[in-house]
Structure formats: structure tokens, C-alpha cells
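If you count the sequence shown from 1, position 98 lands on 98 in full-length UniProt numbering, and the numbers rise without skipping.
C-beta atoms are modelled at their ideal positions from N, C-alpha and C, and glycine is treated no differently.
On a predicted model such as this, the values are computed, not experimentally measured, just so you know.
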Amino acid sequence: MLRTFLTTSRNPSLNLISFTKKLINLFPQSKKINRGRKFLTSLISYCVENEVKNLLVIYELKGNPNCLIISHLPSGPSVYFKISNYNILIFKNDINIFFSDLPILLISNLNTPIGSRISKIITNLYPKSSNNSKRIISYVGLSNNIVCNQYLFQKKNYNNENMKLKNIGPRFFLRPFKIILGNISEINSNVEWIITTLIQSKRRMII
């Protein structure tokens, strides 16, 4: 059963489409759907009809991905992130990866109440996996950003049991700036948390 749908803003650039396709590898049981001219309300209805539990929407600015929204369905919550420092060129085609295998999820250094809240929202995107998976998806808090990355376990050689982690990407930073209680189509949804200029100016620890 599909767990997550990913889509873009309307009239996406080729760069945004490419980035979105790479994100599919990060989220098990996910599928990219074409936005077309659909409004958010239509997207939510389509997801609910197909019993999809999460909708991810990626927006862009001047051809570059700049915003990711994770919306839990049908009733929220939804968290908004600014995207930065993304690299979709890390993945090498010669690496044999079984993306159908469920990855090990690693979430670290999200210790504040907001960080804990975001951690639960992210965890909901991933089904439980066995410890035998060859992939690790990590979300690590760093200076009020969350560094998202993907790694592959590799043996150094066939006669050596020691393992090493290979960064296969995509890699990017997520900076949270808003959490609402409803899904993203609910205009009047209550705001649970929003970053303010005061918080930014004081450089307080958010997550």
C-alpha cells in the first residue's frame, strides 16, 4: 500500500521535477503524482480517496527547490520547511541499491519540544524496518537546520566483515518555519508554531 504521495507546485521546472524524483528514494512506499492544475483541496481529496497517509509538496523559487511541506492526512498536522544546500548529484549509478527495501531511520539531535514534534511527524513517513537493511536515512539537527541524508552499508572487501557507510544522497538541509494543526488545504487551520523575527534575531535553539 502506498504511504506517501509527492508532488510539486504547478508548472514545475525541470530542476524541481528532478529533485522530486530523487526524493522518492528517501520515502518508502511513495509515489510522485503530477500536480497539473489541481488545487490543494483536490490533491488532499485524491490522497484520502486512495488511503494515502501523507502528502509532500515541494515548491521552488527561480527554478530552485526552496520549500517542503509535509502534511499528515486526513487531519494534519503539517510542517513547513525551507530547503537549502541540496545536492542531488551524489548518487552514483554503479551502486547496487534495493530501494524497495525499507531503510533504517535515524533521527538525532532534535531535542527541543519543537524538535520532538517534528521528529514524530518525520517518523510517521517511515514504516518499521528490520536491522538488516542496507540503507540508512538520517535526519540530524544542526544549528536549527535538519540535515537529511541517505547512506548505504558497504563491506570493505568480501573477506572483511567491517562495514563502511557510503553517502549516496540526495542530501539537503531543512529549516522548519511553521507547524499547523490541520492539513495544508485547511485555510483556517490553527497555527501550532511559527518562527518569528525575534526568534531568528536571537538565534535561539529551535529544534
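Kindly give me the distance between the Cβ atoms of residue i and residue j, rounded to whole angstroms, as I take these residues to be in contact under 8 Å.
i, j, result
"residue 152", "residue 166", "5 Å"
"residue 52", "residue 123", "Actually they do not touch by this definition, with Cβ atoms about 17 Å apart."
"residue 163", "residue 154", "7 Å"
"residue 170", "residue 87", "6 Å"
"residue 142", "residue 65", "So it is not a contact: roughly 19 Å between Cβ atoms."
Here's the rule: buried if 16 or more other CB atoms are within 10 angstroms of the residue's CB, otherwise exposed. What is residue i?
i, result
"residue 110", "buried"
"residue 8", "buried"
"residue 196", "exposed"
"residue 41", "exposed"
"residue 190", "exposed"
"residue 39", "exposed"
"residue 145", "buried"
"residue 135", "buried"
"residue 63", "exposed"
"residue 119", "buried"
"residue 56", "buried"
"residue 34", "exposed"
Skipping 5 residues on each side, what residues in its chain have a beta carbon closer than 7 Å to that of residue i?
i, result
"residue 94", "Only weak support is given to the placement of residue 94: the predicted model assigns it a pLDDT of 46, under 50, and the value that follows is read from those uncertain coordinates. So no residue of the chain qualifies."
"residue 85", "172 and 173"
"residue 77", "121, 179, 180, 181 and 192"
"residue 14", "none"
"residue 147", "140 and 173"
"residue 188", "none"
"residue 204", "none"
By Cβ distance below 8 Å, which residues in the same chain neighbour residue i in space, the five residues on each side in sequence not counted?
i, result
"residue 24", "6, 30, 31 and 32"
"residue 21", "32"
"residue 114", "176, 179, 193, 206 and 207"
"residue 127", "3, 28, 29 and 102"
"residue 36", "10"
"residue 131", "104"
"residue 112", "205, 206 and 207"
"residue 183", "44, 55, 71, 72, 73, 74, 75, 76, 78 and 189"
Under a CB-based cut-off of 8 Å, is residue i close to chain D?
i, result
"residue 39", "As a matter of chain content, chain D is missing from the structure shown, which is built from one protein chain."
Output needed for residue i: all residues of its chain with C-beta closer than 6 Å, excluding positions within five of it in sequence on either side, in chain order.
i, result
"residue 27", "4 and 125"
"residue 105", "126 and 137"
"residue 185", "40, 41 and 44"
"residue 107", "119 and 139"
"residue 80", "69, 177 and 178"
"residue 58", "8, 20, 65 and 68"
- Query: At what residue ranges does the region 39 to 114 contain a whole run of the alpha helix (DSSP H), taking only runs of 4 or more?
  - Reply: 40 to 49
- On the three-pair Cβ rule with 8 Å, is the region 68 to 88 touching the region 44 to 51? yes
- Curious, which full-length alpha helix (DSSP H) runs of at least 4 residues does the region 117 to 164 contain? none
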